[in-house]
Amino acid sequence: MAEAPLVAVGEVLRPYGLRGEVKVRPLTDRPWERFEGLKRCVLWEPDRDLREDCRIASSRFDGTTAFVRMQGVDSPEAARRFQGRLLAVRRDEALPLDEGQFYPWQLEGAAVETRDGRPVGRFVRVESGAQDLWVVEDGERQWLIPAVPSIVVEVSVADRHIVIDPPEGLLDL
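Given below as structure tokens:
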């Protein structure tokens, strides 16, 4: 049976302090809400799909950083093995979003078409940078669509459908 899909909520940077805590860079818009009361997680290496279920002994949030201690880990040496891994939860444990918001994985495979109904391809993933770019493929070609309201004009998670209004020449590249 396939393992449950995961969503990364943080990246373990390094051990912190003398009691086995790790410093975590949050990968969520609401880190204080995500880490408050978090009792379990999966330490994940997505490239190799290595997963380790962990119980959380304590977590706290300070500014832009979370500090997490796993049960049974009480020294920086023991915590060091988590460095570089992602802290993840099952997708069904992801925080609920406000109306009109979505997680990128909810759009995977969604049909993309232009405002005039011309099929473009399927949504594949988001490339993050200074500006998010949506990767759209049709089996032969790939486009990077800037994720801005003037171009991405309609998104329906329920219908798995995206409408774009690309500037002239964007789809010709």
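Residue numbering for the sequence shown follows my numbering, beginning at 57 and increasing consecutively. Every residue, glycine too, gets a C-beta built ideally from N, C-alpha and C. Just so you know, these numbers come straight off a predicted model, no measurement behind them.
Shown here, Asp-118 sits in a strand according to DSSP, grouped into three states. Between Glu-77 and Ser-131, the alpha-carbon positions lie close to 8 angstroms from each other. Under the three-state reduction of DSSP, Gln-198 is assigned to strand. Three or more beta-carbon pairs separated by less than 8 angstroms link the segment 135-149 to the segment 77-91, which places the two stretches in contact. For the options Glu-155, Ile-207, Arg-216, Arg-70, the alpha carbon positioned closest to that of Glu-164 is the one of Arg-216. Per DSSP, the unbroken beta strand (DSSP E) holding Pro-175 starts and ends at 175-183. Residue nearest to Tyr-72 within the set Val-168, Gly-173, Arg-171, Val-129 is Val-129 (criterion: CA-CA distance).
Take Glu-108, set aside five residues on each side of it, and the residues of its chain with a beta-carbon closer than 6 angstroms to its own are Leu-99, in chain order. Secondary-structure assignment with DSSP links Ser-212 through a beta bridge to His-217.
At the C-beta level, Pro-152 and Ala-122 stay beyond 9 angstroms of one another. DSSP places Phe-123 in the strand class (E or B) of the three-state scheme. The Cβ atoms of Val-63 and Arg-181 lie no closer than 9 angstroms to each other.
Between Gly-66 and Val-124, the C-beta spacing is below 9 angstroms. In this structure, Val-68 and Arg-171 do not form a Cβ contact; the two beta carbons are roughly 43 angstroms apart against a cut-off of 8 angstroms. With a cutoff of 9 angstroms on beta-carbon distance, Val-191 and Val-208 are scored as not near each other.
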